[in-house]
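Asks: Residue numbers (the numbering used here): 2 to 321. We put the beta carbon where it would ideally sit given N, CA and C, even for glycine.
1. Short check: CB of residue 266 to CB of residue 299, under 8 Å?
2. Quick check: the Cα distance between residue 285 and residue 245, rounded to an integer number of angstroms?
3. Whole angstroms are fine: how far does the CA of residue 248 sit from the CA of residue 18?
4. Taking 8 Å as the threshold (C-beta atoms), are residue 158 and residue 101 in contact?
5. Between the Cα of residue 292 and the Cα atoms of 93, 69, 301 and 273, which residue gives the shortest distance?
6. What's the C-alpha gap between residue 106 and residue 48?
7. Consult DSSP for residue 146 and reduce its assignment to one of helix, strand or coil.
8. Can you tell me whether residue 305 is helix, strand or coil according to DSSP?
9. To the nearest angstrom, how far is it from the Cα of residue 277 to the Cα of residue 153?
10. Can you tell me whether DSSP reads residue 38 as helix, strand or coil?
11. Quick one: Cα of residue 88 to Cα of residue 185, how far?
12. Under a three-way DSSP split, which group does residue 268 fall into?
13. Would you mind working out which of 305, 39, 204 and 127 sits nearest residue 93, comparing C-alpha positions?
14. Hey, could you find the ends of the beta strand (DSSP E) residue 73 is sitting in?
15. Helix, strand or coil: which one does DSSP assign to residue 101?
16. Taking its Cβ as the centre, do 16 or more other Cβ atoms sit within 10 Å of residue 250, making it buried, or is it exposed?
17. With DSSP run on the structure shown, which of helix, strand or coil describes residue 201?
18. Helix, strand or coil for residue 5 per DSSP?
19. Would you decide whether residue 8 is buried or exposed? Buried here means 16 or more other CB atoms lie within 10 Å of its CB.
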């Protein structure tokens, strides 16, 4: 009887998720954010809201790489106008990707590539809002496994107690990779000491293929956007597998607001691209915001305005 009830509940959830979803947002405002001197945006994958509503975004130095560039890699933007307020991270990153702003306002950036000169990349760097480096995880220009090296770190997030979590394995996209290819979630103490790692390459429980983004809900559960596998895996902070959601298609970016509303950018959808909105507690979809861009990252302001990082810059969506 219990199994029948669970099956019925699953079928009802699938029916609800298959039904047309409302779109509570206006048309997208493309190329909304500005850069100094009228410079065009390069590719962006990271966007984040700070503890006081600050908006931060990555710009890959007016291109799709910062290797060899003297331009800043991270900008604080006015959330109302999109104008730049400050910048940081010049000559520090080869391929800035994941972006996180912690409770103290510090800015974290992942760099999942190695520069041509071998002096940058494969690191996670923590900075003050003014750009002072506070911590470096990983060894610059060196890729690998174990507790001291990264293999393409795609995203980073900190827990309320300061513990650091890194999604490692951004490059694990191809389907013919060796099974021992490093693909994992890594946990560090607040001061950067290795605690543990979990995960491997694959599509089973606690396995990943291109773990692309991280988010926490209000209960401290860690959500991992397992992009190529087309799901979100959920763990406790010790790495215990809890659940997985498949309704959000191929999630590239994640954001969970204070009401446990989950936003997921669908990057590689076989159908229509866009931003799925649902309940983080149940995985039930509530809305869909269509967008023909290949979104990479998503952040949501206190007024529910959505900011999307794309290969062509920053897009804003305001509620109807």
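Replies: In short, the structure shows the following:
1. Position 265 of the chain shown, counting from 1, holds the residue named residue 266. Position 298 of the chain shown, counting from 1, holds the residue named residue 299. Yes, these two residues count as a Cβ contact at 8 Å.
2. Position 284 of the chain shown holds residue 285. Position 244 of the chain shown holds residue 245. The straight-line gap from Cα to Cα measures roughly 12 Å.
3. As a working note, residue 18 is residue 17 in the chain shown. As a working note, residue 248 is residue 247 in the chain shown. The pLDDT assigned to residue 18 is 49, lower than 50, so where the model puts this residue is not dependable; a value taken from the coordinates is nonetheless given after this. When rounded, the distance between both Cα atoms is 7 Å.
4. Against the chain shown, residue 101 aligns to sequence position 100. Against the chain shown, residue 158 aligns to sequence position 157. Against a cut-off of 8 Å, the Cβ pair of residue 158 and residue 101 comes out as a contact.
5. Taking the chain shown and counting its residues from 1, one reaches residue 292 at position 291. Answer by Cα proximity: 273.
6. Numbered from 1 along the chain shown, position 105 holds the residue referred to as residue 106. Numbered from 1 along the chain shown, position 47 holds the residue referred to as residue 48. Distance between the alpha carbons of residue 106 and residue 48: 14 Å.
7. If you number the chain shown from 1, residue 146 lands on position 145. In this structure, residue 146 counts as coil in the three-state DSSP scheme.
8. Numbered from 1 along the chain shown, position 304 holds the residue referred to as residue 305. Three-state result, residue 305: coil.
9. If you number the chain shown from 1, residue 277 lands on position 276. If you number the chain shown from 1, residue 153 lands on position 152. Rounded to whole angstroms, residue 277 to residue 153 spans 26 Å at the Cα level.
10. Locating residue 38 in the chain shown gives position 37, counting from the first residue. Of the three classes helix, strand and coil, the one that applies to residue 38 here is helix, per DSSP.
11. Here residue 88 corresponds to residue number 87 of the chain shown, with the count starting at 1. Here residue 185 corresponds to residue number 184 of the chain shown, with the count starting at 1. Roughly 31 Å between the two C-alpha positions.
12. For this step, residue 268 is matched to residue 267 along the chain shown. Coil.
13. Residue 93 sits at position 92 when you count from the first residue of the chain shown. That would be 127, whose Cα lies nearest to the Cα of residue 93.
14. Taking the first residue of the chain shown as position 1, residue 73 is located at position 72. Segment: none, residue 73 is in no beta strand (DSSP E) and carries neither H nor E.
15. For this step, residue 101 is matched to residue 100 along the chain shown. The answer is strand: DSSP assigns residue 101 an E or B state.
16. Mapped onto the chain shown, residue 250 falls at position 249. Buried, by the Cβ-count rule.
17. Walking along the chain shown from the start, residue 201 turns up at place 200. Residue state, collapsed to three classes: strand.
18. Position 4 of the chain shown holds residue 5. A caution first: residue 5 carries a pLDDT of 41, below 50, which makes its placement in the model unreliable, though a value can still be read off. Helix, per DSSP.
19. Counting from one through the chain shown, the residue named residue 8 turns up at place 7. Low per-residue confidence applies at residue 8: pLDDT is 38, beneath 50, and the placement is therefore not dependable enough to give any value.
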